[in-house]
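Contents: one structure, followed by commentary.
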Amino acid sequence: MATPATERTVSLRETGPAERGSRPDEVVIALSPAFAGEFTKTIVDLPHAEVLRQLLAGIEEQGVTARVVRVRDTADLAAISHLGAKLSGSGIAVGVLSRGTAMIHQKDLPRLSNLELFPQSPLLDAEVFRKIGSNAARYAKGESPEPVPTRNDQMARPRWQAKAALLHLKEFDCIEADRGPVEVKPVFELSHA
Amino acid sequence: MDTRLVVGVDVGNSTTEACLARVGPDGAVTYLGTALKHTTGVKGTPENADGAVAAVREVLARAGATVGELHTVLLNEATPVISGLAMETITETIITESTMIGHNPATPGGEGLGVGVTVPIGELLGDGRDSERPVIVVVPHGWDFDDVAATLNSAVRDGVDVVAAVLAGDDAVLVTNRLEKRIPVVDEVAAVEKVPVGMLAAVEVAPPGRTIRTLSNSYGLATVFALDPAQTRQVSPVARALTGNRSAVVIRTPTGDVTDRLIPAGVLELRGAGKTLRVEVDAGADAIMDTLARAQPVDDVHGEPGTHVGGMLAQVRDTMTDVTGQPASEIAIHDVLAVDTIVPAEVRGGLAGEVALEHAVALAAMVSTDRSRMQAVADQVAAELGSSAGVGGVEGAMAVRGALTTPGVDRPVAVIDLGGGSTDAALLSASGETTAVHVAGAGELVTKLIASELALDDREVAENVKRYPLGKVESFYHLRHEDGTVEFVDEPLPPHVFARVVVMTPDGLVPVPTRHTLDAVRRVRREAKRRVFCVNAVRALRQVAPQGNLRALDFVVLLGGSALDFEIPDMIADALAPHGIVCGTGNIHGSEGPRNAVASGLVDAYAEEPG
Amino acid sequence: MTQNAPSISLGPADYPLSINHSELLRTPTGKALSDLTMDAVVSGEVTADDLRIAPETLLLQAQLADASDRPQLAGNFRRAAEMTAIPDAEVLEVYNALRPRASSKEQLLAIAERLEGHYGAAESGALVREAAEVYERRNLLARPEQA
Amino acid sequence: MTATQPAPSNRRTSRRTEILDSRPVNLDGFVEEWPEKGLVAMESDFDPRPSVRVEDGRIVELDGRARAEFDFMDTFIADHAIDVATTEASMAIPSDEIARMLIDPGVSRRDVLAVTRGLTPAKILDVVKLMNVVEIMQGMQKMRARRTPANQGHSTSARDNPIQVAADAAEGALRGFAELETTLGVVRYAPLVAIALQVGAQVGRGGVLTQCALEEATELELGMRGITAYAETISIYGTESVFVDGDDTPWSKAFLASAYASRGIKMRFTSGTGSEVQMGNAEGKSMLYLEIRCILMAKGAGVQGLQNGSISCIGVPGAMPGGIRAVAAENLVASMVDLECASGNDQSFSHSAMRRTARLMPQLLPGTDFVCSGYSGVPNADNMFAGSNFDTDDYDDWNTFQRDLQVDGGLRHVREDVILQVREKAARALQALFEYLDLPPITDAEVEAAVYANSSNDYPLRDVLADLKGAQSVMDRGVTGLDLVKGLEATGFTDVAENLLTVLRQRVSGDLLQTSAILTPAFVPLSAINDANDYAGPGTGYRLQGERWEELKKLRHVTSATNPETEVS
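Read top to bottom, the protein sequences are chains A, B, C and D.
Residues in the first sequence are numbered from 1 upward in steps of one, following UniProt numbering.
Residues in the second sequence are numbered from 1 upward in steps of one, following UniProt numbering.
Residues in the third sequence are numbered from 1 upward in steps of one, following UniProt numbering.
Residues in the fourth sequence are numbered from 1 upward in steps of one, following UniProt numbering.
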């Protein structure tokens with residue numbers, strides 16, 4: 001959707017073990033083991049750079065700060081998101097899997113619950129990720145955002161169900177057991193395709 | 001006379017109540033129990049018999065009595081009251097030729113005022129551009145915020161005097177955060193392609209928490225656009241429409257205009273007291289109600305055909321025809337209640353889905369048909385139960401009689417029955433005479449006002465907002481009640497209520513889908529109740545009070561379902577207090593609360609004069 | 001068979017019982033199939049309690065299943081015959097107790113004892129005992145803090 | 001729909017490639033195998049080798065695993081599903097010989113069952129792996145439990161509108177579904193929709209069995225009250241970890257099976273290929289191997305039948321090489337261990353109409369107990385099971401397949417005037433019943449809409465608030481199936497009341513608890529006992545002939561031979 005012929009890539013620079021934040025105005029973005037690493041785009045080929053940029057933009061536009069962490073020892077979305085929420089100064093985190101599935105979580109909720117869940121990865125585009133970031137930031141500010149509208153498509157099953165399973169398995173393969181979450185700094189670069 | 005078992009039955013609009021009593025030879029009454037059923041059919045029609053019989057059977061069963069022991073069933077003479085509701089907006093804001101973008105995006109960027117010529121971003125870096133004059137950049141859909149910022153920065157570096165920007169997407173904060181020069185940016189202008197190019201325009205963004213100062217001021221506009229007095233007069237609606245916004249864009253086009261006009265809503269014709277009075281609906285609720293008061297008692301109300309109000313009343317009549325089977329021509333509207341309200345509506349001709357708060361009038365109308373058929377109901381009840389049954393008294397008279405059993409009440413006493421469709425009042429004078437009235441407007445109108453003012457699509461939510469107190473879920477472990485108290489919970493609250501304004505229903509917390517704060521929702525709720533119930537209480541009491549003088553009333557007893565509401569009785573009591581009236585929720589026989597007044601009144605009347 | 005099996009011996013040709021052997025069928029309230037008429041329903045003589053299956057009928061169906069070489073289905077019917085005596089709420093309670101990590105071994109054994117002792121439900125009790133044993137081996141008992 | 005088109009490439013392509021690329025089939029997803037992780041349909045080197053060892057009347061080794069290492073699936077299968085007395089003998093028979101027995105008309109179904117009841121999961125897999133899809137169909141033709149094939153329909157509404165559910169259930173019943181299933185968008189609507197389904201079904205054709213898919217406790221309660229007649233959504237899985245993730249075990253599900261039987265309610269389990277790998281815990285086994293474990297678990301629990309054929313995971317085997325063959329094989333395995341099989345074809349499967357049809361053939365041609373475990377009796381947009389492989393738009397195609405190939409898929413063509421009649425009657429009966437039960441009224445306009453409607457959009461909107469209160473009151477007041485009977489009788493729908501009472505009476509006899517049981521229009525229970533499949537080669541078993549064939553010759557437009565200027569229908 002950018003101006004023609006530009007595409008961005010992202011690399012994640014590890015800056016050390018992820019710590020619990022103290023700022024009440026921050027949202028943590030918790031990434032799965034293979035996000036912007038083993039994989040570079042979601043199930044519908046949306047570049048991970050764009051996913052991250054839009055999430056960050058959504059948070060920024062609400063005047064809230066963001067911290068990005070990579071979770072390495074699980075590929076379970078609820079676990080990733082909940083861990084992110086516990087690290088977040090506001091208690092709010094967005095968790096994202098490589099295939100695009102995302103969730104907004106809060107630290108006091110049971111792990112298997114959530115504030116908002118976006119299970120249909122094939123239907124998540126840049127605009128939706130912006131809204132997810134924005135809503136997470138608004139929760140952090142104590143506001144009451146309208147939940148991001150979720151879409152549904154009966155024909156997603158024949159097209160995406162098996163690929164989603166494959167991506168899920170691949171992501172599981174990237175799990176590094178017993179390694180804690182690390183804080184990362186996303187570095188975006190412009191490439192002219 | 002020997003001891004007799006009698007049942008009083010009150011057929012109401014929605015519920016049918018029964019009250020079983022033993023009447024001794026001396027007329028002493030012993031109450032044995034009560035039962036409550038849904039009313040079957042429209043009140044006052046033969047279909048009521050089913051509900052009445054069911055209520056009688058239940059009250060007997062509860063007391064362990066049989067139909068065979070029953071002496072008689074007493075029914076109330078009920079005026080079938082049917083009500084209708086309608087609402088019309090009476091103002092409308094129209095923008096012609098895209099002169100103004102006055103919407104309030106949630107997050108505009110930068111601050112200050114920029115005045116310049118509109119230029120599309122695509123042409124900013126092209127050759128032959130005019131680098132002399134200040135420029136307001138217009139950015140269409142599909143532009144990434146990083147690219148917009150980079151383009152603007154490089155244009156500024158090239159010497160272009162960029163003073164403001166108007167964006168299609170929701171990117172204002174992101175763009176301004178990345179600009180080297182700070183300018184005001186307005187975003188979420190959905191129809192940005194309709195913004196005229198090459199025109200002088202002004203963009204203003206106020207700091208967070210403030211509203212714009214220049215574009216909402218007619219002389220500010222005159223200054224910015226160098227207008228003469230005649231032109232200034234012309235743009236004053238623009239200024240008015242922008243008042244209270246945090247951001248705005250005004251574009252000066254040769255013929256553009258914003259109008260804030262009254263929709264001709266039509267004339268309401270009130271016939272009564274031997275005269276026919278006319279009032280313009282767009283004059284507002286107060287004017288309508290004043291005129292109505294001059295036409296009391298009202299025989300019929302008509303709306304000017306072909307106008308909104310004509311349509312509204314026709315719709316009410318059609319509903320009545322459907323339920324009563326009476327031809328529309330025979331249906332007389334005996335009362336209306338007009339209420340001013342505010343409805344958020346999208347501005348016609350707007351470029352960004354601008355919403356203006358338009359004025360509207362809500363009308364509740366009420367018909368009382370003269371076709372009460374309670375005798376037929378009584379006959380049918382008698383046939384089904386094999387006992388005798390008859391009409392034991394008129395509803396209003398029976399209600400005050402029942403109300404009189406509330407401890408601490410004496411004649412003269414007035415009752416107010418707060419229903420769903422109508423508010424009813426009756427007075428029992430010191431000398432034992434009763435007068436009764438029904439006025440239009442009650443619980444359903446309150447729900448409708450709440451729904452439209454809060455823009456709630458879901459009637460269930462509006463109904464809940466009306467019925468139960470509010471709260472705000474501040475964390476998973478605590479919530480703040482509307483009175484400011486905080487309640488902590490042990491189990492985390494469910495995620496769907498997190499950070500939301502909620503209604504505290506008996507079934508749990510229900511989120512209210514609104515951007516309004518708790519205080520705003522509470523204000524809307526209380527105002528709706530005040531405008532309907534308090535206004536109607538006073539209005540109805542005036543109609544039954546001697547010479548319309550409220551001071552002549554001593555005791556007012558509230559009855560009916562709404563008398564159980566958590567705040568309405570207090571609000572009415574407050575409204576009546578200046579008139580020196582003792583007002584409170586009834587407690588029939590000192591035990592039944594505001595229920596069962598009519599049914600037990602029937603029994604009492606019978607005990608005094610066994611028919 | 002652990003329960004009082006009906007003395008008659010049925011084979012596949014006797015199916016369906018509702019047509020071929022309605023004389024063998026009784027509701028738990030003792031009514032015959034032919035008593036369940038519309039008139040009886042309208043007059044209130046037949047209530048919802050009359051439309052349940054009797055344990056004896058389940059044992060007859062178990063015979064038919066056995067005779068059709070379906071021993072597992074027959075076993076299911078025999079457990080069901082035992083369970084007709086257990087109230088709905090308790091049936092759901094036992095089901096929930098059998099979910100993974102929902103009960104300690106002691107809790108499961110107590111349920112088995114109640115089934116066997118209170119309801120004479122030997123086969124259902126055995127199923128619960130077996131679960132307790134497998135759950136212990138597969139680490140599916142409630143963890144101490146959850147018990 | 002919204003699935004994105006394959007990304008455009010800059011290379012020049014031929015016009016033909018462009019056309020091919022725009023075909024609907026290319027909107028479907030296809031994935032390479034990854035057998036190490038279980039992303040493989042049925043041919044994997046990582047599946048166990050068949051073996052069994054019995055000591056002291058107990059299986060101590062199963063498919064290469066010693067008893068001490070058994071997970072709970074192995075344990076349950078070894079102790080409940082496999083016949084210990086015959087297993088060593090059966091396992092000794094070479095797989096190709098068993099495969100031949102399956103397709104040999106000279107070997108009776110009973111003789112095959114004598115062998116299969118002693119087989120382990122790996123052995124069964126070894127057998128069906130030898131069979132191509134035609135052989136699988138030939139096996140199914142003989143091994144299906146009930147001789148007469150049948151079909152099941154869905155009747156749901158995107159607005160949970162009970163009038164729509166009743167009208168479409170009536171039409172579906174009239175068209176031939178032996179079972180009808182519904183589910184909800186808003187769960188609190190369930191009591192009203194379940195009542196509507198029951199009324200519609202009994203108007204369309206007396207004796208049709210109904211079901212409402214909900215969480216276990218509510219589903220069981222509606223069943224116990226006699227508002228529904230059977231249950232189906234009791235899911236089981238092929239690995240211990242996924243089973244536990246689903247918060248169940250073989251023992252909890254076996255107990256639930258007996259609970260249903262103890263209330264006289266027919267019930268079947270649900271499973272299917274692909275669910276384990278979809279949930280990320282296939283333990284490196286092929287989809288079919290894991291499904292065979294499910295089938296044997298169901299067998300061991302003593303449940304009479306199984307809904308399988310991948311069901312909601314159909315996109316997973318559908319994307320794999322040989323995946324639809326594996327799905328056909330799983331249906332066959334259910335039948336060859338003597339379970340009722342409701343054989344899938346019940347979820348949106350492909351963008352391509354041709355591929356949807358091809359996927360159906362292995363079940364339609366040989367016939368199964370229920371060819372679809374949910375043919376959408378409403379337009380797919382109204383299907384609250386997220387769409388089926390076939391919907392109301394496909395009725396005439398289906399009827400034409402039956403007529404072309406002379407096979408019985410359980411449906412038939414019905415003339416428009418007859419359909420309109422039953423739709424109206426269903427809506428009227430529900431209107432009367434709602435009034436009788438003091439539920440929110442159904443207007444004449446709604447009845448009128450129901451007669452001519454296609455989808456939920458064609459009905460006036462209901463007062464949802466009032467409906468939900470009504471639904472709650474049905475639960476609070478303890479309304480039962482018997483109350484429905486009384487209401488229908490009292491409001492003049494005597495025949496419908498009789499139909500429903502007869503269905504309710506069946507639960508006293510327990511006849512519907514037997515394998516593959518359905519009720520005929522004459523209310524005769526038809527199961528694998530009195531309608532046992534007796535296929536023994538050409539000219540035997542179920543044949544589409546006589547009156548039924550005459551019925552299936554009819555279509556919407558058939559030119560009359562007597563007067564070619566007219567059509568018969």
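Beta carbons: idealized from backbone N, C-alpha and C, even for Gly.
CB contact flag (Cys313(D), Asp346(D), <7 Å): On the fourth sequence, position 313 is the one that residue 313(D) refers to. On the fourth sequence, position 346 is the one that residue 346(D) refers to. No. Outside cutoff.
Any C-beta of chain C under 7 Å from that of Gly118(D): For the purposes of this step, residue 118(D) is taken as residue 118 along the fourth sequence, with counting starting at 1. No - not a single Cβ of chain C is within 7 Å of the one on Gly118(D).
Closest Cα partner of Arg531(B) within the set Pro513(B), Ala426(B), Val446(B): Residue numbering aside, residue 531(B) sits at position 531 when the second sequence is read from its first letter. Nearest of Pro513(B), Ala426(B), Val446(B) to Arg531(B), Cα basis: Val446(B).
Chain B contact residues for Asp438(D), given Cβ-Cβ distances below 7 Å: As a first step, residue 438(D) must be located in the fourth sequence, where it is residue number 438. Simply His38.
Rounded straight-line distance, which links the Cα of Asp39(C) to that of Ala497(D): Numbered from its first residue, the fourth sequence carries residue 497(D) at position 497. Numbered from its first residue, the third sequence carries residue 39(C) at position 39. So the alpha carbons of these two residues sit roughly 11 Å apart.
Leu290(D) to Lys472(B) span [Cα, whole Å]: Position 290 of the fourth sequence, counted from the first residue, corresponds to residue 290(D). Position 472 of the second sequence, counted from the first residue, corresponds to residue 472(B). Each residue's alpha carbon lies about 49 Å from the other.
Gln106(A) - containing beta strand (DSSP E), residue span: Taking the first residue of the first sequence as 1, we reach residue 106(A) at position 106. Counting along the chain, Gln106(A) sits inside the beta strand (DSSP E) bounded by residues 102–106.
is_contact[Ser11(A), chain B] using C-beta, thresh 7 Å: As a working note, residue 11(A) is residue 11 in the first sequence. Under the Cβ criterion of 7 Å, Ser11(A) is not counted among the residues facing chain B.
Through-space distance from Asp144(B) to Ala2(A), alpha-carbon basis: Working through the first sequence from its first residue, we reach residue 2(A) at position 2. Working through the second sequence from its first residue, we reach residue 144(B) at position 144. Because the pLDDT at Ala2(A) is just 40, under 50, the model does not fix this residue reliably, and the point stays unresolved.
When Val186(B), Val343(B), Val309(B), Ala283(B) are compared against Val139(B), the one with the closest alpha-carbon: Indexing the second sequence from 1 puts residue 139(B) at position 139. Selection Val186(B), Val343(B), Val309(B), Ala283(B) evaluated against Val139(B) yields Val186(B) as nearest (Cα-Cα).
Counterpart residues of His478(B) in DSSP-defined beta bridges: Taking the first residue of the second sequence as position 1, residue 478(B) is located at position 478. When DSSP reads this structure, His478(B) sits in a beta bridge with Ser475(B), Phe488(B).
Under 7 Å from the C-beta of Glu280(B): neighbouring residues of chain E: The structure shown contains no chain E; its protein chains are A, B, C and D.
Contact the stretch 26–37 of chain B vs the stretch 8–27 of chain C: 3+ CB pairs below 8 Å: Three or more beta-carbon pairs separated by less than 8 Å are not found between the stretch 26–37 of chain B and the stretch 8–27 of chain C, which leaves the two stretches without contact.
Beta-carbon gap between Ala168(B) and Val135(B) smaller than 7 Å: Here the question's residue 168(B) lines up with position 168 in the second sequence. Here the question's residue 135(B) lines up with position 135 in the second sequence. Not in contact: Ala168(B) and Val135(B) (Cβ atoms no closer than 7 Å).
Coil, strand or helix - Ala5(A) by DSSP: On the first sequence, position 5 is the one that residue 5(A) refers to. Legend: pLDDT at Ala5(A) = 46, less than 50; position of this residue unreliable, no value from coordinates given.
Ala425(B) beta carbon less than 7 Å from that of Ala540(B): The sequence position of residue 540(B) within the second sequence is 540, counting from 1. The sequence position of residue 425(B) within the second sequence is 425, counting from 1. Cβ atoms of Ala540(B) and Ala425(B): closer than 7 Å.
Ser509(D) and Gln164(D) closer than 7 Å at C-beta: As a first step, residue 509(D) is located in the fourth sequence; it is residue number 509 there, counting from the start. As a first step, residue 164(D) is located in the fourth sequence; it is residue number 164 there, counting from the start. No, they are not a contact pair.
Residues near Glu111(B) in its chain [Cβ-Cβ closer than 7 Å; skip 5 each side]: Position 111 of the second sequence, counted from the start, is the residue given in the question as residue 111(B). Pro184, Val205, Ala206, Pro207.
3-residue-minimum beta strand (DSSP E) runs that sit fully inside the stretch 18–83 of chain A, ordered along the chain: Entirely contained in the stretch 18–83 of chain A, the beta strand (DSSP E) runs reaching 3 residues are, in chain order, 26–31, 65–70.
Helix, strand or coil at Ile234(D) [DSSP, three-state]: The residue you call residue 234(D) lines up with position 234 of the fourth sequence. Residue state, collapsed to three classes: strand.
Given Gly246(D) as reference, the closest of Ala231(D), Glu232(D), Asn281(D) once Cα atoms are compared: For the purposes of this step, residue 246(D) is taken as the residue at position 246 of the fourth sequence. Ranked by Cα distance from Gly246(D), the options Ala231(D), Glu232(D), Asn281(D) are led by Asn281(D).
Sequence ranges, beta strand (DSSP E) only - wholly within the stretch 384–462 of chain B, length at least 3: For the stretch 384–462 of chain B, whole beta strand (DSSP E) runs of length 3 or above, ordered along the chain, are 388–394, 413–418, 422–428, 434–440.
Cα-Cα separation, Gly264(D) to Ala532(D): Looking up residue 264(D) in the fourth sequence gives position 264. Looking up residue 532(D) in the fourth sequence gives position 532. Using only the alpha carbons, I get a separation of about 22 Å.
8 Å CB neighbourhood of Val182(A) in its chain, flanking five on each side removed: Along the first sequence, one-based indexing puts residue 182(A) at 182. Counting only Cβ-Cβ distances below 8 Å, and skipping sequence neighbours, we find Glu14, Thr15, Gly16, Pro17, Ala18, Val69, Arg70, Arg72.
Short CB-CB distance (under 7 Å) between Val173(B) and chain A: Here residue 173(B) is taken as the residue at index 173 of the second sequence, counted from 1. Yes - at least one Cβ of chain A is within 7 Å of the one on Val173(B).
Bridge partner(s) assigned by DSSP for Ile101(B): Residue mapping note: residue 101(B) aligns to position 101 of the second sequence, counting from 1. Paired residue(s): Val249(B).
Chain-ordered neighbours of Tyr477(B) on chain A, where CB pairs are closer than 7 Å: As a position in the second sequence, residue 477(B) is number 477, starting the count at 1. Going along chain A in sequence order, the residues near Tyr477(B) (Cβ under 7 Å) are Asp108.
Close beta carbons around Val25(D), own chain, < 6 Å, minus the five adjacent residues each side: The residue you call residue 25(D) lines up with position 25 of the fourth sequence. Here the set comprises Ser352, Arg355.
Any C-beta of chain D under 7 Å from that of Glu7(A): Position 7 of the first sequence, counted from the first residue, corresponds to residue 7(A). Judged by the 7 Å Cβ criterion, Glu7(A) is not in contact with chain D.
Contact set for Thr218(D): own chain, Cβ-Cβ below 7 Å, skip 5 residues either direction: Here residue 218(D) refers to the residue found at position 218 when the fourth sequence is read from its first residue. Cβ neighbours of Thr218(D) within its own chain (closer than 7 Å, five residues either side excluded): Ala190.
Cutoff 6 Å; reference Ala436(B); Cβ partners in own chain excluding five residues on either side: In the second sequence, the residue the question calls residue 436(B) occupies position 436. Gly396, Ala426.
7 Å Cβ cut-off: residues of chain A touching Lys37(D): If you number the fourth sequence from 1, residue 37(D) lands on position 37. Residues of chain A with a Cβ closer than 7 Å to the Cβ of Lys37(D) are, in chain order, Leu169.
Leu75(B), DSSP secondary structure in three states: For this step, residue 75(B) is matched to residue 75 along the second sequence. In the structure shown, Leu75(B) sits in a strand (DSSP, three-state: E or B).
C-alpha distance - Gly159(B) paired with Leu83(A), whole-angstrom precision: Your numbering for residue 159(B) matches position 159 in the second sequence. Your numbering for residue 83(A) matches position 83 in the first sequence. Between Gly159(B) and Leu83(A), the alpha-carbon positions lie close to 49 Å from each other.
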